[in-house]
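Each residue of the sequence shown is one higher than the one before, starting from 1 at the first, in this note's numbering.
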Amino acid sequence: MKRAIFPGSFDPFTIGHYSIVQRGLHIFDEIIIGIGHNQSKKTLFSAEKRLQIIQDAFADAPRVKVQIYNSLTIDFAKEVDAAFILRGLRTVADFEYERTIGDTNRIISGVETVILFTEAAYAHISSTVARELMSYGKDISAFLPPNVKI
Ligand code: ADP
C-alpha cells in the first residue's frame, strides 16, 4: 500500500490543494491530508473548521483521509505509516522552500517528498490571498473545491 501524507496549514483549503490531492490519487493508494495545528500560530479558521471543510471536499473519496496533527511533519508521516510526503509547487519561491524542507526530511527520516506542479489555472490561488479577500467581505467561492461552502 503506497500511502502519502499531504501536510499543510490549509487556512483555508483551496481548489489548488484539491487538485494536487486528486492528481496524487493516480500515484498513491491512500492520501492522508494532515492539518498542521500549532497552538502558537494564529489561523483564520480553527483546526476543526479546516477539518470539516476538507472532509466535505472529499466526502466521496474513500482513499482520502483527514487528520489534525501537532507534531513534526516527519513524525506524523511515521505515525500513520506513510513513506511519502506530497506537496504542490506554484512558483520559484515555492521551489526554494520545498527543496530545503524536502531534503531535510529525507536526510533525517528517509521519507521522500513527491512534488506535483500546479495546474496553470490554479497557479495564482493561495490561502493567503483567499484570507485577504475574505477580510474585505469578498466572495471566495471560486477559490474553493467543489462541494465546499464557507
Ligand atoms: P504550508 O503552510 O505548509 O505551506 P499550505 O496550506 O500553504 O501549507 O500549502 C500546502 C501545500 O499545497 C504546499 O505544498 C503548497 O505549495 C501547496 N499549494 C498551495 N496552493 C497551491 C496551488 N494553488 N496549487 C498547487 N499547490 C498549492
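The C-beta atom is built at its ideal place from N, Cα and C for all residues, glycine as well. Please read all numbers here as calculations on a predicted model, not as lab measurements.
Not one heavy atom of the ligand ADP is found less than 7 Å from the C-beta of Ser-141. The beta-carbon separation of Ile-5 and Ala-82, rounded to 5 Å, stays under the 8 Å limit for a contact. Residues of the same chain with a CB within less than 6 Å of the CB of Lys-2, apart from the 5 flanking positions on each side, are Phe-28, Asp-29 in chain order. In this structure, the beta-carbon distance from Ala-57 to Val-148 falls below 8 Å. For Leu-144, the Cβ stays outside the 7 Å cut-off from all heavy atoms of the ligand ADP.
Contact check for Leu-86 and Ile-31: beta-carbon distance about 6 Å, within the 8 Å limit, so the pair qualifies.
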